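Engineer:
Residue numbers (UniProt numbering): 1 to 244.
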């Protein structure tokens with residue numbers, strides 16, 4: 001893992017860039033909703049702090065850190081994964097022309113329905129995503145066993161589904177993304193209506209902060225298990241990932 005030479009504090013007691021972890025910790029410890037991250041290079045720390053366009057090395061590190069499934073050894077490598085060679089073939093279960101007139105014309109403004117599932121016996125959770133863009137419908141799913149999230153059960157999967165949709169847009173230069181979700185925290189942790197307290201939700205919020213510097217992201221709340229077509233489909237994809 002690359003050495004962290006710079007620590008950027010975006011929200012803390014005194015925002016700025018610090019050269020040691022102890023100096024950074026003094027600014028974020030005990031500060032509600034602190035946002036910070038360590039970087040190898042100064043330009044990456046400055047980009048994070050300013051909210052400007054992410055350099056490609058930072059983009060690769062971000063995706064590798066917050067999105068990678070622990071079980072996938074290629075992703076767990078200390079070398080940051082290259083977005084151009086990301087294993088979307090593994091994640092995309094189906095890709096077909098969009099037959100729904102409501103979403104057939106969304107173009108480069110992507111729409112994603114996300115949901116999660118949980119299997120207590122396995123100690124694993126999963127996500128399902130139905131993604132519309134460029135006249136296509138993509139179905140994506142993955143399973144996880146992230147210890148920072150697994151206690152949140154289905155919600156953990158929905159978090160990963162939102163991250164997956166963001167990651168797809170980041171790696172495919174999609175400028176806009178609307179995320180339809182049924183759990184309020186998917187939006188509220190990002191907008192800071194809710195305070196992120198667990199490591200998993202802090203990581204999710206930080207991932208959103210970085211992703212939203214490059215992709216315009218908005219959230220749309222739907223009621224779960226009420227017959228919303230693509231929300232139900234995302235739920236089924238998540239279950240499929242766990243073999244349920």
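Here a beta-carbon is modelled for each residue, glycine too, at the ideal position from N, C-alpha and C. These numbers were taken from a predicted model, which means no experiment stands behind them.
Confirm, please, whether the CB-CB distance from residue 186 to residue 165 is below 8 angstroms.
Structural biologist: Taking 8 angstroms as the Cβ cut-off, residue 165 and residue 186 do not qualify as a contacting pair.
Engineer: Could you tell me which of 131, 16, 36, 108 sits nearest to residue 204, measuring between CA atoms?
Structural biologist: Nearest option by C-alpha distance: 36.
Engineer: By Cβ distance, which residues of its chain are closer than 6 angstroms to residue 38, with the 5 residues on each side in sequence left out?
Structural biologist: 4, 7, listed in sequence order.
Engineer: Fully enclosed by the UniProt domain "RNase H type-1" (106 to 243), which beta strand (DSSP E) runs are 3 residues long or longer?
Structural biologist: Segments of the beta strand (DSSP E) lying fully in the UniProt domain "RNase H type-1" (106 to 243): 109 to 119, 124 to 133, 136 to 144, 176 to 181, 216 to 221.
Engineer: Would residue 125 and residue 113 qualify as a contact pair, given that the criterion is a beta-carbon distance under 8 angstroms?
Structural biologist: Result no, Cβ atoms of residue 125 and residue 113 do not sit closer than 8 angstroms.
Engineer: Quick check on the burial criterion: 16 or more other C-beta atoms within 10 angstroms. Buried or exposed for residue 117?
Structural biologist: Per the 10 Å Cβ criterion, buried.
Engineer: Taking the straight line between their C-alpha atoms, what separation do you get for residue 103 and residue 157?
Structural biologist: Going from the Cα of residue 103 to the Cα of residue 157 covers about 24 angstroms.
Engineer: Buried or exposed: where does residue 181 fall if 16 or more other Cβ atoms within 10 Å of its Cβ makes it buried?
Structural biologist: It counts as buried.
Engineer: Starting from residue 6, follow its DSSP beta bridges and name the residues at the other end.
Structural biologist: In DSSP, residue 6 forms a bridge with 39.
Engineer: Return the bridge partner residues of residue 16 from the DSSP annotation.
Structural biologist: 9.
Engineer: For residue 95, report the span of its beta strand (DSSP E) as first-last.
Structural biologist: Counting along the chain, the beta strand (DSSP E) containing residue 95 begins and ends at 92 to 97.
Engineer: Taking C-alpha atoms, which residue in 122, 139, 47 lies nearest to residue 90?
Structural biologist: It is 139 whose Cα lies nearest to the Cα of residue 90.
Engineer: Measure how close the beta-carbons of residue 190 and residue 161 come, nearest whole angstrom, since I'm counting them as under 8 angstroms.
Structural biologist: Wrong, their Cβ atoms sit about 14 angstroms apart, outside the cutoff.
Engineer: Near residue 85, what residues of its chain come up, given a Cβ to Cβ distance below 7 angstroms and the 5 sequence neighbours on each side ignored?
Structural biologist: Only weak support is given to the placement of residue 85: the predicted model assigns it a pLDDT of 44, under 50, and the question is left unresolved by the model.
Engineer: By how many angstroms is the C-alpha of residue 19 removed from the C-alpha of residue 264?
Structural biologist: Since the displayed the chain opens at 1 and closes at 244, residue 264 lies outside it and no answer follows.
Engineer: I need the DSSP call for residue 34, collapsed to helix, strand or coil.
Structural biologist: Residue state, collapsed to three classes: coil.
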